[in-house]
Amino acid sequence: MIALFFTLFILFNAISYPDPSFKTQLIDANIDIGYGLAIGDVDGDNKPDILLADKKEFVWY
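Numbering (my numbering), first residue to last: -16 to 44.
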């Protein structure tokens, strides 16, 4: 029984998973400098909103 458990433990830990990959997403090309970034549900629609403070404006996506 212990040998079976040990064998299963080794097999499950030997499985390698690929590293996650991410792609860059351009949200707004007109922003000069982003001083602050926050993500949260601002309007209560249960979807994440992006808030960005730029040197000229405060933007909500």
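Think of the CB as a built atom: it goes at the ideal place given N, C-alpha and C, for glycine as much as any other residue.
{"Item": "Limits of the unbroken beta strand (DSSP E) element including A36", "Value": "32 to 37"}
{"Item": "A(-14), DSSP secondary structure in three states", "Value": "helix"}
{"Item": "Bounding residues of the beta strand (DSSP E) (the contiguous stretch that carries Y0)", "Value": "No beta strand (DSSP E) holds Y0; DSSP gives it neither H nor E."}
{"Item": "Cβ contact (3+ pairs, closer than 8 Å) linking the segment 32 to 42 and the segment 16 to 23", "Value": "yes"}
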